[in-house]
Structures are given as C-alpha cells and as structure tokens.
Amino acid sequence: MSGSPAVVMRLVASAYAVAEKAGTIVRKVLHSGELGIVEKTGANDLQTLADRLAQQSICASLSKRFPKITIIGEEDLPSEEIQEDLIETGQSEEILQRSCPPEYSQLKEEEIVVWVDPIDGTKEYTEGMLFRRLLDNVTVLIGIAHGGRAIAGVINQPFYNYKLGAGTQLGRTMWGMLGLGAFGFQLQEVPGDRRIVTTTRSHSNKLVTDCVDAMEPHEVVRVGGAGNKIIQLVEGKASAYVFASPGCKKWDTCAPEAILHAVGGKLTDMHGNAYRYDANVKHMNSAGVLATLRNHEYYVSRVPQSVLQALKSD
C-alpha cells in the first residue's frame, strides 16, 4: 500500500482505540459505585456519569484528529473544556495495515458522519451493580456513515468475559466495514430450521409482542441494547432482531448495521426500507427495527398489517 492510509481507514483505526478507551471509562465508573444517574425523559431513559465521560472522550478524541467530520452523539452535553486524560490518540495498527475498499479510498473528512452511543444499554448498566448478568447487554457504539449509508462500525463490549471472574481480561472490541468484512468475533448462524427472535427487554408493548408472535419463533430472547442484539445475530444466538416501536435512534443502529451488513446481514425498518444516516436526518428510527443475518424477506413478509399501519416509514 503506497502513501498513508485512506482517511476512512485512519478514522476506523482511531474509533477502535477510542471505543476501547470508552470501555475502560465505563468499567471504571461502575467500579467506583458512583454512577451519577439522571433521568432524561423517564425511568427507562437514563444518563450516567459514564455516558457523559465516554461521549466526551469519543467526540473530543475523534474531532481532535479529524476536525472536519460531523459527529452526532446521543447525549446532549454542554460545551466545556475536556480533561486531557479523556483524549485517546492511539490507533489500531491492524486496521491501518488493511487495504481500503476502492469505493471509500477517496473519501474526505467533511463527507463522513459519525454516530456515537457512549453506552447502549444504559438501563442495564445501572442495574448491573445488582444483576451482573445484565452487563453483557452494555456496548459502546461508534458508527461511520457516508452518503447516508452505514459503511463502518465499532462495537466495544466493556464487560465481556465478566463471568470468568477475577484476573480475567474484561471487554472486547469488534469492528466491520463494507467491502472488508467484520472482525473481533466468530461469525455463527442459528440452524436453518430454528427461528429465534431477539427483542427488547424493557421497552415492550402490544405492537412489539404482536410482531414477535407473527414471526412464529421457536424461542424469544429478551435482552437490552441494540448493539447487543446485533451481536446475538452474528454469534448465532438469534435469527432476527424484531422491534416494532419507534424507540431506537440512529446512534443505536449505525455501528451495528455496518457490522451486520459487512457479513451479509440486513437491517431495515419494519417495512423493509433502509434507514439513512446523513447529518440532517431525524434521529428517531420511527418505523421500528428489523435485522437479520439471513432470510430477511421472510421476516419482512411476516410483519402484521397493524404494525405497518402504526409505524409509518420515513
């Protein structure tokens, strides 16, 4: 490879290191026991000190190195001086050494939009002090979009391996890019004769349950976090992620969608239409989320008419 790596490869390499730093922050705050919880719109929509610090770290670190990219973060934070110890300057050497897919080799910083969810699964994070099993639900998401499409993503799972106990290296980071594939996990599929649906743990309603039932699943897995649900798909624990509700936002789905698409999967709204990730789109995924590793059309075809009428496509 001649010359320096393409901008987008340098951005993904930085996002990888920045996501790892954010994961460390998330663990450190939980370990301190001082979560600094505030309610945003209600008891199921929380923000913690870890959300605030992780977002500051991610946004400040990326904008310092890539000043012209657009970064959209979940948390509405005041402009303030960022502590120096929150800045991450490292990059993943492994990513830097990969060849950039030709279609993205000439991208400029100002053409790229980054969607950041500092903690996806905040509710599970706040409950993780009491219920350790919920910590698997927590992820840090950095999604990279161009031309309205999610083209690359990084997911950090801060508490991965927590079950193995003291002395275990906690956390893992996975990443993916269209045209390159996805890395940091072992791709697996649910056996073809099984339909396992993963859906929301804490945001259910009649539309959601009606839609899940219509898929005629052999099993339903209720877990927190959009990032975690996509991990269920790519690691063979679920066949479809079904969420017939407008609760999900672009920062929840951009990074997971890129990783899922990089291995041949698909994420759409309940009508089967793709979401766009331009800088000026509305943040809410108002027509729900339907994601699969395989057989997407089957699941789209099973969505009840009542759900399609209730959830208008953008």
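Residue numbers (our numbering): 4 to 317.
Here a beta-carbon is modelled for each residue, glycine too, at the ideal position from N, C-alpha and C.
Under 9 angstroms between C-beta atoms of Lys253 and His286: As a first step, residue 253 must be located in the sequence shown, where it is residue number 250. As a first step, residue 286 must be located in the sequence shown, where it is residue number 283. Contact flag set, yes.
DSSP three-state label for His274, please. Here the question's residue 274 lines up with position 271 in the sequence shown. His274: coil per DSSP, three-state reduction.
Using the Cβ count rule (16 or more neighbours within 10 Å means buried), how would you classify His34? Walking along the sequence shown from the start, residue 34 turns up at place 31. It counts as exposed.
Check whether the region 79-92 touches the region 265-273, counting contact only when three or more Cβ pairs, one atom from each stretch, lie closer than 8 angstroms. no
From Leu80 to Arg197, what distance separates their C-alpha atoms? Looking up residue 80 in the sequence shown gives position 77. Looking up residue 197 in the sequence shown gives position 194. In a straight line, the C-alpha of Leu80 is about 44 angstroms away from that of Arg197.
State the CB to CB distance for the pair Glu300 and Gly239, rounded to an integer number of angstroms; the pair is presumed to be in contact (CB under 8 angstroms). Your numbering for residue 300 matches position 297 in the sequence shown. Your numbering for residue 239 matches position 236 in the sequence shown. Wrong, their Cβ atoms sit about 20 angstroms apart, outside the cutoff.
By the three-class DSSP mapping on this structure, what secondary structure does His34 have? In the sequence shown, the residue the question calls residue 34 occupies position 31. In this structure, His34 counts as helix in the three-state DSSP scheme.
From the DSSP output, in three-state form, read off Tyr244 for me. In the sequence shown, the residue the question calls residue 244 occupies position 241. Residue state, collapsed to three classes: strand.
Please classify Asn276: is it buried, with 16 or more other beta-carbons within 10 angstroms of its beta-carbon, or exposed? Position 273 of the sequence shown holds residue 276. Exposed, by the Cβ-count rule.
Just how far apart, CA to CA, sit Gly124 and Val141? Mapped onto the sequence shown, residue 124 falls at position 121. Mapped onto the sequence shown, residue 141 falls at position 138. Their backbone Cα atoms lie some 5 angstroms apart in a straight line.
Below 6 angstroms CB to CB, which residues in the same chain sit around Ala247 once its five sequence neighbours on both sides are set aside? Position 244 of the sequence shown, counted from the start, is the residue given in the question as residue 247. Closer than 6 angstroms at the Cβ level, and outside the excluded window around Ala247, lie Leu210, Val211, Cys214, Met273, Gly291, Val310.
What residue from Gly150, Leu65, Ser60, Cys103 has the CA that sits closest to Tyr278's CA? Here residue 278 refers to the residue found at position 275 of the sequence shown. Taking only the C-alpha atoms, the option nearest Tyr278 is Gly150.
Going by CA-CA distance only, name the one from Ile40, Val223, Thr295 that's closest to Glu260. The count along the sequence shown starts at 1 and reaches residue 260 at position 257. Of the listed residues, the one whose Cα sits closest to Glu260 is Thr295.
What would DSSP say about Met4, mapped onto helix, strand or coil? Here residue 4 refers to the residue found at position 1 of the sequence shown. For Met4, the predicted structure reports a pLDDT of 43, less than 50, and the residue's modelled location is therefore unreliable. The matter cannot be settled from this model.
Alpha carbon of Leu201 to alpha carbon of Arg225, nearest angstrom: Your numbering for residue 201 matches position 198 in the sequence shown. Your numbering for residue 225 matches position 222 in the sequence shown. Note that residue 201 is Thr in the sequence shown here, rather than Leu. Approximately 6 angstroms between the Cα atoms of the pair.
Would DSSP call Gly146 helix, strand or coil? For this step, residue 146 is matched to residue 143 along the sequence shown. DSSP places Gly146 in strand when its eight states are reduced to three.
If you run the structure through DSSP and keep just helix, strand and coil, what is Asn140? Against the sequence shown, residue 140 aligns to sequence position 137. Helix.
For Tyr19 and Ser108, believed in contact at Cβ under 8 angstroms, the rounded distance: Taking the sequence shown and counting its residues from 1, one reaches residue 108 at position 105. Taking the sequence shown and counting its residues from 1, one reaches residue 19 at position 16. The pair is not a contact, with the Cβ atoms about 19 angstroms apart (cut-off 8 angstroms).
Buried or exposed for Gln312, please, with buried defined as at least 16 other CB atoms from any protein chain shown within 10 angstroms of its CB. Along the sequence shown, one-based indexing puts residue 312 at 309. Classification for Gln312: exposed.
What span of residues does the alpha helix (DSSP H) with Lys232 cover, start to end? One-based indexing of the sequence shown puts residue 232 at position 229. Counting along the chain, the alpha helix (DSSP H) containing Lys232 begins and ends at 229-237.
Candidates Ala185, Asn164, Leu181, of which the one nearest Arg175 by Cα: As a first step, residue 175 must be located in the sequence shown, where it is residue number 172. Out of Ala185, Asn164, Leu181, Asn164 has the C-alpha closest to the C-alpha of Arg175.
Comparing alpha-carbon positions, which option in Glu222, Val116, Thr256, Arg305 lies nearest Asn231? Residue 231 sits at position 228 when you count from the first residue of the sequence shown. Closest by alpha carbon: Thr256.
Along the alpha helix (DSSP H) that carries Ile115, what are the first and last residues, could you check? The residue you call residue 115 lines up with position 112 of the sequence shown. Where Ile115 is concerned, there is no enclosing alpha helix (DSSP H), although the beta strand (DSSP E) it sits in stretches over 115-123.
Using 9 angstroms as the threshold, is the C-beta distance between Ala148 and Tyr280 below it? Locating residue 148 in the sequence shown gives position 145, where the first residue counts as 1. Locating residue 280 in the sequence shown gives position 277, where the first residue counts as 1. For Ala148 and Tyr280, yes; Cβs fall inside 9 angstroms.
By Cβ distance, which residues of its chain are closer than 8 angstroms to Glu130, with the 5 residues on each side in sequence left out? Here residue 130 refers to the residue found at position 127 of the sequence shown. Here the set comprises Leu137.
According to DSSP, simplified to helix, strand and coil, what is Val29? Walking along the sequence shown from the start, residue 29 turns up at place 26. Here Val29 sits in helix by DSSP.
If you draw a straight line from the C-alpha of Gly39 to the C-alpha of Ala9, how long is it? The residue given as residue 39 occupies position 36 in the sequence shown. The residue given as residue 9 occupies position 6 in the sequence shown. The straight-line gap from Cα to Cα measures roughly 39 angstroms.
Coil, strand or helix - Gln189 by DSSP: To locate residue 189, count along the sequence shown from 1; it is residue 186. Note: Gln189 maps to coil in three-state DSSP.
Counterpart residues of Ala155 in DSSP-defined beta bridges: Working through the sequence shown from its first residue, we reach residue 155 at position 152. According to DSSP, Ala155 bridges with Ile147, Met180.
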